[in-house]
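All remarks here apply to the structure that follows.
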Amino acid sequence: MNWSIWLVLRIAGLATGISVAIGLWLALILANRKLPFDGSWLPKPFKALLSNALILYWVGTNGSGGAGYWPLTQTCLVLAGVISAEPFFFGAARSAFAGLDPNYGRAARSLGASEWRVFLRVHLPLAFRPIFANAAGVFLEVSALLAIFWWGTGRIFK
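Using the working numbering, the first residue of the sequence shown is number 209, and each one after it goes up by one.
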């Protein structure tokens with residue numbers, strides 16, 4: 209039973225790490241840009257469409273005589289976890305960055321800091337708490353989806 213817990217932790221950890229990296233990048237880009245529309249609604253349709261990626265995977269592997277769309281591997285499960293968790297993390301990270309006072313970034317830039325240094329030294333520490341809380345939520349969501357998938361199908365991951 210220990211290997212199964214380690215497997216779920218590894219898949220959920222990888223999916224969380226990839227979701228955090230992609231979500232932080234997209235959120236920072238969209239939080240600093242002046243868009244002609246309010247971008248706060250962007251994650252909502254994606255979450256509605258992609259939140260059941262693991263269930264769709266289960267249907268694909270068990271439907272039509274067992275011939276599935278994805279093979280049952282750790283890589284595909286990590287990809288399904290990233291697809292289902294990314295909209296949740298992206299929306300939360302975007303709102304965390306959008307809520308920051310832009311004067312802090314301007315002050316750092318006026319002192320000669322590059323955009324990357326402003327992100328690492330100003331924006332990320334100020335938005336650390338909501339980002340960390342949402343990363344923990346993503347980890348728990350992917351772990352729960354894997355546990356439900358495993359319990360519901362009785363399949364063993366390879």
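Beta carbons: idealized from backbone N, C-alpha and C, even for Gly.
> Taking DSSP as the reference, what is the three-state secondary structure of residue 321?
Replying inline: coil
>> Pop quiz: residue 216 and residue 344 are said to be a contact at Cβ under 8 Å. What is the actual Cβ separation, rounded to whole angstroms?
In response: Their Cβ separation, rounded to whole angstroms, is 15 Å, which puts residue 216 and residue 344 out of contact at 8 Å.
>> Here's a check: name, in chain order, each residue in its chain whose Cβ is nearer than 6 Å to the Cβ of residue 297, leaving out the five neighbours to either side.
In response: 227, 231, 342 and 346
>> residue 330 and residue 313 - do their beta-carbons sit closer together than 7 Å?
In response: yes
>> So the candidates are 302, 349 and 319; which of them puts its Cα closest to the Cα of residue 238?
In response: 302
> Short check: CB of residue 326 to CB of residue 223, under 7 Å?
Replying inline: no
>> Which of the three DSSP states is assigned to residue 308 in this structure?
In response: coil
> Between residue 212 and residue 282, what straight-line distance do the alpha-carbon atoms span, to the nearest angstrom?
Replying inline: 12 Å
> Considering only residues of the same chain and omitting the five flanking positions on each side of residue 335, which have a CB-CB separation below 7 Å?
Replying inline: 304, 305 and 308
> In whole angstroms, what separates the C-alpha of residue 320 from that of residue 219?
Replying inline: 41 Å
> With a CB to CB cut of under 6 Å and the five nearest residues on each side skipped, what residues in its chain are close to residue 286?
Replying inline: 219, 222 and 223
> Which value, in whole angstroms, describes the spacing of the CA atoms of residue 289 and residue 358?
Replying inline: 14 Å
> Distance, Cα to Cα, residue 214 vs residue 295?
Replying inline: 26 Å
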